[in-house]
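Taking it in order: structure first as structure tokens, then the write-up.
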Amino acid sequence: MDDLQLIQNKIYEIRGQRVMLDRDLAEMYGVTTSALNQAVKRNAQRFPEEFMFQMTDVEVENWKSQIVISNSITRGLRHKPYVFTEQGVVMLSSVLRTPIAIQVCISVVKAFVAMRTYLTTTSPETLAARLESIDRRLLELEQTRIAGELGPVREHPLPERLSDEAILVDYSERAVVVFTDNRLDRRLLKWLGARYNGWLIWNGERVAGWVYPKSCIAKLDKYLPADISRDKSKFNK
Numbered sequence: 003m004d005d006l007q008l009i010q011n012k013i014y015e016i017r018g019q020r021v022m023l024d025r026d027l028a029e030m031y032g033v034t035t036s037a038l039n040q041a042v043k044r045n046a047q048r049f050p051e052e053f054m055f056q057m058t059d060v061e062v063e064n065w066k067s068q069i070v071i072s073n074s075i076t077r078g079l080r081h082k083p084y085v086f087t088e089q090g091v092v093m094l095s096s097v098l099r100t101p102i103a104i105q106v107c108i109s110v111v112k113a114f115v116a117m118r119t120y121l122t123t124t125s126p127e128t129l130a131a132r133l134e135s136i137d138r139r140l141l142e143l144e145q146t147r148i149a150g151e152l153g154p155v156r157e158h159p160l161p162e163r164l165s166d167e168a169i170l171v172d173y174s175e176r177a178v179v180v181f182t183d184n185r186l187d188r189r190l191l192k193w194l195g196a197r198y199n200g201w202l203i204w205n206g207e208r209v210a211g212w213v214y215p216k217s218c219i220a221k222l223d224k225y226l227p228a229d230i231s232r233d234k235s236k237f238n239k
């Protein structure tokens, strides 16, 4: 795997923006995460929110679940990380006075540009197929990891049904969407074959939900609580 691909693997999407974590950038710049964040604080006027922001607890949990994150990635993650957009990475090179700052900046910007070019020149169908393949592979890896950690004699049972906090929304003629922040709900929805989508608009706000085909709704119905909240009027595609 080349350096460009390694950097791209550390680019995530948070709040609709492609960003990199403070500790990943600190490692690349050859400084500690604490030193990087201290340099940013000393130059706070150079880092507006569109350059850098701190993840919320919910965003951290969603980030972990969306990428089926491994223990090696989360190890040492004791605080909510700061994340930097492409513009923030460029600004970092001006406040971190390390010998490799400029070269790191160039490499990271190239990775952002390459990813942006790929997304703008690839058809939606190809992207959807690629994401589906990635999702399937990640789920297989997560199941393998869990099996390895728990051992052959321990089970990791799924919940019998979705929690009462889940909300079912009529998405289209072909699909429904389930909104939930419950981790066990997410595991059950993955097992049922629901697709995670972080680009949904509900009540005028961008939200993340689980899209499920109506052609298989009978299977989903078996796991819905009797009093699940249903909404058919506030969903805007």
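My numbering puts the first residue of the sequence shown at 3, with every later residue one more than the last.
Cβ coordinates follow ideal geometry from the N, Cα and C atoms, glycine included.
Here the structure is a predicted model, which means the values were calculated and not measured.
Looking at the strands, I want to know which residues DSSP matches up with residue i.
i	result
N199	G211
Q10	Per DSSP, none; premise fails for Q10.
D229	DSSP output for D229 lists no bridge partner at all.
A177	P215
R20	E15
V85	L23, F55
D172	V178
Contact check, residue i vs residue j under 8 Å by CB: the rounded distance?
i	j	result
V178	K216	6 Å
L170	R232	5 Å
A41	V111	Contact flag wrong, Cβ pair sits at about 19 Å.
M117	Q10	6 Å
F181	V209	7 Å
Quick check: the Cα distance between residue i and residue j, rounded to an integer number of angstroms?
i	j	result
D26	I13	9 Å
R17	Y84	13 Å
L23	F86	7 Å
G200	E167	19 Å
R156	E15	In this prediction, R156 has a pLDDT of 43, which is less than 50 and means its spatial position is unreliable; what the coordinates show is noted afterwards. Spanning the two alpha carbons is a distance of roughly 35 Å.
I230	V91	44 Å
G211	W65	14 Å
P227	R189	16 Å
N184	E61	13 Å
Y173	D59	28 Å
D187	Y198	12 Å
F241	Q47	The structure shown does not extend to residue 241, since the chain is modelled only from 3 through 239, so no value can be given for it.
R163	L94	47 Å
K82	C107	23 Å
L191	N39	37 Å
C218	E175	13 Å
Exercise. Does the stretch 28–38 come close enough to the stretch 49–56 that 3 or more CB-CB pairs lie under 8 Å?
Worked result: no
For this session: Can you check the stretch 28–53 for any alpha helix (DSSP H) of at least 4 residues that lies completely inside it and give the ranges in chain order?
Result: 35–44
For this session: Return the chain-ordered ranges of every alpha helix (DSSP H) run that is complete within the stretch 90–118 and spans a minimum of 4 residues.
Result: none
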